[in-house]
Amino acid sequence: DKVALAVERSKIRGIIAFEATERRTHAEGAKGARENERFIRKVKKERIHRVQGMFSINASSTVSDELLWYTRELANRYKVPVTSNASEGLADVYHNYEYHGKRTIERLNDTGLLGSDVVLAHSVHVNDDELKIIKKRGAKVSHNPMSNMLNAVGVAPVMKMLSMEIPVGLGDDGYFFDGFENIRATYLLQKVATHSPRALSPMETLEMATIKGAELYGLQNELGSIEHGKLADVIILNPAPAPIPLRSDNVAGHIVNAVGGRNVETVIVGGNIIMVGRKIQTMDEAEVAKMAKKSTEKIWQKLGLVKGR
Numbered sequence: 001d002k003v004a005l006a007v008e009r010s011k012i013r014g015i016i017a018f019e020a021t022e023r024r025t026h027a028e029g030a031k032g033a034r035e036n037e038r039f040i041r042k043v044k045k046e047r048i049h050r051v052q053g054m055f056s057i058n059a060s061s062t063v064s065d066e067l068l069w070y071t072r073e074l075a076n077r078y079k080v081p082v083t084s085n086a087s088e089g090l091a092d093v094y095h096n097y098e099y100h101g102k103r104t105i106e107r108l109n110d111t112g113l114l115g116s117d118v119v120l121a122h123s124v125h126v127n128d129d130e131l132k133i134i135k136k137r138g139a140k141v142s143h144n145p146m147s148n149m150l151n152a153v154g155v156a157p158v159m160k161m162l163s164m165e166i167p168v169g170l171g172d173d174g175y176f177f178d179g180f181e182n183i184r185a186t187y188l189l190q191k192v193a194t195h196s197p198r199a200l201s202p203m204e205t206l207e208m209a210t211i212k213g214a215e216l217y218g219l220q221n222e223l224g225s226i227e228h229g230k231l232a233d234v235i236i237l238n239p240a241p242a243p244i245p246l247r248s249d250n251v252a253g254h255i256v257n258a259v260g261g262r263n264v265e266t267v268i269v270g271g272n273i274i275m276v277g278r279k280i281q282t283m284d285e286a287e288v289a290k291m292a293k294k295s296t297e298k299i300w301q302k303l304g305l306v307k308g309r
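Take the sequence shown: its letter number 258 is residue 258 in this note's numbering, and every next letter is one higher.
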């Protein structure tokens, strides 16, 4: 609820969920699913601007078949998306083999979870048969290159996914410091993984960060590109100091290879100006940073990472 309030006050946009898991008990998994159900109903009832609820599941190695079935039932009832970690690391694959006798995507499919409303986060360790299942069920993939590098889990077979016309968008899974770094990592990692400098063009990469990202959640007719009738979500960049003339045939390459958060001058969401001249208009940035530090200290103390004062 507090995240939704922050999204609404800042006038940005968000699809929000609590990640259900059964790491400790089965009861906490069902509780997480019900929390998402409560939030979804609240958002729809109160019509909170630019906020949407969804269902979220932790890695399949931390959830039961019962929770997967239950989540599918709820998603059908409320007609909202579902996101689930899938085959991020080999541990997830091994766990599903050991306890369920099948690979991760096979299990998600057999429990009824997979569908066109499902976004599979990571999908690093998926084989050809699993990709065929993803394609057949109409599921989508959220690629998280910086997070995958940080956790040393591998590189997702994005080029193979794209060749099969599986929708792939960009995510960050917590490594959110600069979205342009995520774009750049996507572009470069696929070249390394495939040993081909031609793998993934700059425009394909930008589409994964924009229109394909919108497609993951069924919002491609509302967001993701500047077109008549779509919501005005726009970022204006200052390319300086660009050492080369920018033209229509090289601007995508320049954005992917050379631009960072430092180049963002203006941000517009739904026609609302969020930032102009690199100054945030909808909140006091210094005050928010101060509050965030205090909240962080409280969380660290609760986790025993620092001694109380």
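Glycine included, C-beta positions come from ideal geometry on N, C-alpha and C.
Everything numeric in this text was worked out from a predicted model, so none of it was measured.
Beta-carbon separation (whole angstroms), residue i vs residue j, contact threshold 8 Å
| i | j | result |
| --- | --- | --- |
| Arg360 | Asn182 | Limits of the chain in this structure are 1 at one end and 309 at the other, which puts residue 360 out of reach. |
| Ile12 | Val269 | 5 Å |
| Val124 | Gly171 | That belief does not hold up - the Cβ atoms of Val124 and Gly171 are roughly 12 Å apart, past 8 Å. |
| Val43 | Val82 | So it is not a contact: roughly 16 Å between Cβ atoms. |
| Glu8 | Ile48 | 6 Å |
| Thr62 | Thr21 | 5 Å |
| Leu114 | Ala152 | Contact flag wrong, Cβ pair sits at about 27 Å. |
| Leu120 | Gly169 | Not really, about 11 Å apart at Cβ, beyond 8 Å. |
| Met275 | Val267 | 4 Å |
| Gly260 | Phe180 | 5 Å |
| Ile52 | Ile15 | In the sequence on display, residue 52 carries Gln and not Ile. Confirmed, about 5 Å. |
| Pro145 | Thr186 | 5 Å |
| Met159 | Leu200 | 7 Å |
| Gly213 | Gly224 | 6 Å |
Where residue i falls: helix, strand or coil (DSSP)
| i | result |
| --- | --- |
| Gly101 | coil |
| Gly322 | No statement about residue 322 is possible, as the shown extent of the chain runs from 1 to 309 and does not include it. |
| Met266 | Note that residue 266 is Thr in the sequence shown here, rather than Met. Thr266: strand per DSSP, three-state reduction. |
| His49 | coil |
| Val119 | strand |
| Asn96 | helix |
| Ser313 | Summary: the structure shown does not reach residue 313, with the chain confined to residues 1 through 309, and so no result is reported for it. |
| Ile236 | strand |
| Ile183 | helix |
| Ile274 | strand |
| Thr296 | helix |
| Thr83 | strand |
| His40 | Sequence check: residue 40 is Ile here, not His. The answer is helix: DSSP assigns Ile40 an H, G or I state. |
| Ile244 | coil |
| Ile280 | strand |
| Tyr78 | helix |
| His26 | helix |
| Leu216 | helix |
| Glu191 | Reading off the sequence shown, one finds Lys at residue 191, where the question assumed Glu. In this structure, Lys191 counts as helix in the three-state DSSP scheme. |
| Thr111 | coil |
| Gly229 | coil |
| Thr205 | helix |
| Asn221 | coil |
| Leu67 | helix |
| Leu363 | Summary: the structure shown does not reach residue 363, with the chain confined to residues 1 through 309, and so no result is reported for it. |
| Val259 | coil |
| Glu88 | coil |
| Thr62 | helix |
Identity of the residue in the options nearest residue i by Cα
| i | options | result |
| --- | --- | --- |
| Thr111 | Tyr70, Asp249 and Leu74 | Tyr70 |
| Leu150 | Leu162, Lys191 and Phe176 | Phe176 |
| Leu235 | Asn221, Asn272 and Ile244 | Note on residue identity: the sequence assigns Ile, not Leu, to residue 235. Nearest C-alpha to Ile235: Asn272. |
| Ser64 | Tyr78, Leu90, Asn36 and His95 | His95 |
| Arg262 | Arg278, Gly253 and Asn250 | Arg278 |
| Arg184 | Glu204, Ala292, Gly32 and Ala232 | Glu204 |
| Arg107 | Glu130, Ala30 and Thr186 | Glu130 |
| Gly218 | Ile244, Ser116, Asp233 and His195 | Ser116 |
| Glu19 | Asn85, Tyr187, Asp249 and Leu231 | Asn85 |
| Pro202 | Gly253, Ser87 and Asn127 | Gly253 |
| Leu68 | Gln301, Trp300 and Gly29 | Gly29 |
| Glu98 | Glu227, Glu37, Ser60 and Arg41 | Ser60 |
| Met54 | Ile40, Ser196 and Leu223 | Ile40 |
| Ser142 | Arg77, Met161 and Ile133 | Met161 |
| Asp173 | His122, Ile134, Arg198 and Pro241 | His122 |
| Ile133 | Arg23, Met164, His228 and Pro243 | Met164 |
| Lys45 | Tyr78, Glu73 and Leu74 | Tyr78 |
| Glu265 | Ala286, Asn238, Asn250 and Arg198 | Asn238 |
| Ala311 | Leu303, Ile299 and Asp284 | The structure shown does not extend to residue 311, since the chain is modelled only from 1 through 309, so no value can be given for it. |
| His195 | Gln220, Glu227, Asp178 and Pro157 | Pro157 |
DSSP beta-bridge partners of residue i
| i | result |
| --- | --- |
| Glu19 | Ser56 |
- Message: Just to confirm the assignment: which complete alpha helix (DSSP H) runs, minimum length 4, are found wholly within the segment 125-181?
- Response: Taking only runs of at least 4 residues, the alpha helix (DSSP H) segments lying wholly in the segment 125-181 are 128-137, 145-150 and 158-163.
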